[in-house]
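> Mind looking over this structure? Questions follow.
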Amino acid sequence: MRCGLAGVGAAVRRRAVVTALVGLAAAGLATALAACDGRGASAAQAGEGTGTNASTGVRANVTTSNGGQAAAAAPLAAPVKVAAQDLAAHDLVANPAGQTRAEVYESVRQMTALGKQLFFDPTLSGSGKLACASCHSPEHGFAPANARSVQLGGSDMQRAGLRAAPTLKYLQSVPAFAEHYHESDDEGDESIDAGPTGGLTWDGRVDRGSAQARIPLLSPFEMGSSAARVTAAVKAAPYADAFRATFGAHIFDDEDATFKAVLQALGTFEQTPELFYPYTSKYDAYLAGHAQLTAAERHGLELFNDERKGNCASCHISQRTRDGAPPQFSDFGLIAIGVPRNRALPANRDPRFYDLGACGPERTDLKGRDEFCGIFRTPTLRNVALKQSFFHNGIYHSLEEVVRFYAERDTHPEKFYPVVGGKVRKFDDLPRRYWANLNTEPPFDRKPGDKPALDEAETADVVAFLKTLTDGYQPVGKTVALATTGAAR
Ligand code: HEC
Ligand code: HEC
3 MRCGLAGVGA
13 AVRRRAVVTA
23 LVGLAAAGLA
33 TALAACDGRG
43 ASAAQAGEGT
53 GTNASTGVRA
63 NVTTSNGGQA
73 AAAAPLAAPV
83 KVAAQDLAAH
93 DLVANPAGQT
103 RAEVYESVRQ
113 MTALGKQLFF
123 DPTLSGSGKL
133 ACASCHSPEH
143 GFAPANARSV
153 QLGGSDMQRA
163 GLRAAPTLKY
173 LQSVPAFAEH
183 YHESDDEGDE
193 SIDAGPTGGL
203 TWDGRVDRGS
213 AQARIPLLSP
223 FEMGSSAARV
233 TAAVKAAPYA
243 DAFRATFGAH
253 IFDDEDATFK
263 AVLQALGTFE
273 QTPELFYPYT
283 SKYDAYLAGH
293 AQLTAAERHG
303 LELFNDERKG
313 NCASCHISQR
323 TRDGAPPQFS
333 DFGLIAIGVP
343 RNRALPANRD
353 PRFYDLGACG
363 PERTDLKGRD
373 EFCGIFRTPT
383 LRNVALKQSF
393 FHNGIYHSLE
403 EVVRFYAERD
413 THPEKFYPVV
423 GGKVRKFDDL
433 PRRYWANLNT
443 EPPFDRKPGD
453 KPALDEAETA
463 DVVAFLKTLT
473 DGYQPVGKTV
483 ALATTGAAR
């Protein structure tokens, strides 16, 4: 049983192909200007752009539908279909301020430009040293540039968080969190409950980029700031005039309004397609028929998809959706896979402390709901080769280690968990009473003595395949993997 809730197996998961859903943009429809916040821009740019995106079918990906689930989880967000060509009509309906389409796009453009400056601005932080980009580096797929398990922050820049900083790319299609997720009507069988799915952060506790941005800005172990401090910083910033022009001449008189505007601008910036979801990996080129995989990469892909080998694609979807949108390499399900305790994290020095994901302590609304303990959102694997720490607690630092964990967690648990008095303490980061939540689908269906799902050569091939998921592939000549910092910078 995958999640202890619905008895849905990996076979179902694999079909849980998710088109673009109500994700970062969810809040948009609720507020006047945000009527089109990022989504409008995304749709427009993806649909009208002539660049690389057109060839990979990104356009289809801006279609938004969440089978009604988003409405429940995010009351502000109506489950509205937004295709690029429908935008004009949609704008008029959802934009009570009565702005024309051109005006809305202009607002989005200004907000994106401001969001970008805010994203790189360390003066917003309590220490004056930490910007969003410090932990989410554009050159590293908006994941950290270093190999620390967790990043340091706080007023003295010495406070460690609990979790690895994730990539900010491809979040546009993360659906709003739902305890019982049903596939969208375009995609499959709505009657199937795929279990807890979606939401931003490792435990899915917020639904929108703008709401998410509040967390690092205010967290004492991240940017450690406040609405007052952020307002003062923006007021003194070189972009203060642009900020006034976008949000109103008197915006700085109201700290709350300024803070909200900052969050909105950041959330809008995070939906810049060229930066955050360009779909320019070698694998995208391969799917479009513009590139060949090497023998190792192709074999790695087969192992990744093979239900009896890696079975990776059952959660990290590798195929285009039915309507042709590129795969996100996640079904966004929240799953317990029993990642070992990272004893290097300061919080874990306390043996009574456990980061249990969706049931807390960071997330509080599902506290006491045992079936949510130990589950974390399946991350996208796009650009994963640019990361240097893996899993929610950053315990592993190479993709080989991660793939070996999948292949040998159950056949050779002593390789991953502490051995005390000759006995392996398996699942040492999840109290035993929650073990029923652990996934037992392949490759997690084995026992000591069985053959691992993947041998060393196969592991190497899976890693070779994962490296084809890095954006910035240049089809000419040798394969080069470049970070995508281009276009909009
Ligand atoms: C000190 C490092 C740090 C800084 C600075 C930081 N973040 Fe993060 N970010 C994280 C971590 C760690 C997580 C995962 C949090 C969790 O799961 O609880 C995260 C998660 C996110 C997510 C959700 C990603 C996902 O996969 O759901 C978004 C969006 C995000 N950050 C945006 C921002 C923005 C915008 C800023 C600046 C206002 C920022 N971050 C600053 C470390 C940081
Ligand atoms: C049952 C669903 C499931 C299957 C099957 C699965 N994964 Fe995952 N994957 C997850 C979840 C959930 C996480 C996050 C777990 C955590 O941090 O607690 C994850 C995390 C990862 C990460 C770390 C990404 C990051 O940014 O830290 C990599 C790499 C990865 N998986 C690769 C694979 C490969 C390769 C396979 C096949 C051998 C595979 N996964 C099979 C659900 C799955």
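Quick note on this note's numbering: the sequence shown kicks off at 3 and runs consecutively.
A virtual CB, placed ideally from N, CA and C, is assigned to each residue, including glycine.
Fair warning: this is a prediction, and the values are worked out from it, not measured in the lab.
1) With which residues is H518 paired in a DSSP beta bridge?
2) Quick check on the burial criterion: 16 or more other C-beta atoms within 10 angstroms. Buried or exposed for P381?
3) For H394 and L440, what's the separation of their Cα atoms in angstroms?
4) My output table needs one value for I253: the three-state DSSP class, helix, strand or coil.
5) Just the C-alpha distance for D88 and S109, rounded to the nearest angstrom, thanks.
6) Count the CB pairs spanning the segment 387-401 and the segment 218-229 that are closer than 8 Å, and state whether there are at least three.
7) Rounded to whole angstroms, what is the Cα-Cα separation between G326 and G424?
8) Can you tell me whether Q174 is buried or exposed, with buried defined as 16 or more other CB within 10 angstroms of its CB?
9) Helix, strand or coil: how does DSSP classify S139 here?
10) Can we count G226 as close to ligand 2, meaning its CB is less than 6 Å from some heavy atom?
11) Can you tell me which residues form a DSSP beta bridge with V426?
12) Helix, strand or coil: how does DSSP classify I1 here?
13) Which of the three DSSP states is assigned to I319 in this structure?
14) Assess contact between the segment 314-332 and the segment 192-201, defined as three or more Cβ pairs (one per stretch) separated by less than 8 Å. Is contact present?
15) Among G117, P420, T125, E309, which residue has its Cα nearest to the Cα of A234?
16) Shorter than 6 Å, the distance from the beta carbon of Y241 to the closest heavy atom of ligand 2, or not?
17) My output table needs one value for V495: the three-state DSSP class, helix, strand or coil.
18) Who are the near neighbours of C416 in its chain, counting only those whose CB is closer than 6 Å to its CB and skipping five residues on each side?
19) Going along the chain, which residues of its own chain have a beta-carbon closer than 7 Å to the beta-carbon of P342, five neighbours each way excluded?
20) Tell me the residue span of the alpha helix (DSSP H) that contains Y554.
21) Taking just the CA atoms, how far does D463 sit from Y288?
22) In angstroms with no decimal places, state the Cα-to-Cα distance between F278 and D256.
23) Give the range of the alpha helix (DSSP H) segment to which G117 is assigned.
24) From the DSSP output, in three-state form, read off V494 for me.
25) Run the proximity test for G423: is its beta-carbon closer than 6 Å to any non-hydrogen atom belonging to ligand 2?
26) Give the DSSP bridge partners of L336, in chain order.
27) Could you tell me if Q215 is buried or exposed, where buried requires 16 or more neighbouring beta carbons within 10 angstroms of its beta carbon?
A quick look at the data gives this:
1) The structure shown does not extend to residue 518, since the chain is modelled only from 3 through 491, so no value can be given for it.
2) buried
3) 15 Å
4) helix
5) Note on D88: pLDDT 29, under 50, position unreliable in the model; the coordinate value appears next. Whole-angstrom Cα-Cα distance: 19 Å.
6) no
7) 52 Å
8) buried
9) strand
10) no
11) V421
12) In this structure the chain extends from 3 to 491, so residue 1 is not present and cannot be described.
13) coil
14) no
15) T125
16) no
17) This structure cannot speak to residue 495, because the chain is shown only from 3 to 491.
18) Position check: residue 416 holds Glu in this sequence, whereas Cys was assumed. The answer, listed in chain order, is V426.
19) I397, F418, Y419, D430, D431
20) The chain is shown only over 3 to 491; residue 554 falls outside these bounds and no answer can be derived.
21) 17 Å
22) 31 Å
23) 103-121
24) Outside the displayed range of the chain (3 to 491) lies residue 494, so it cannot be described from this structure.
25) no
26) R379
27) Sequence check: residue 215 is Ala here, not Gln. It counts as buried.
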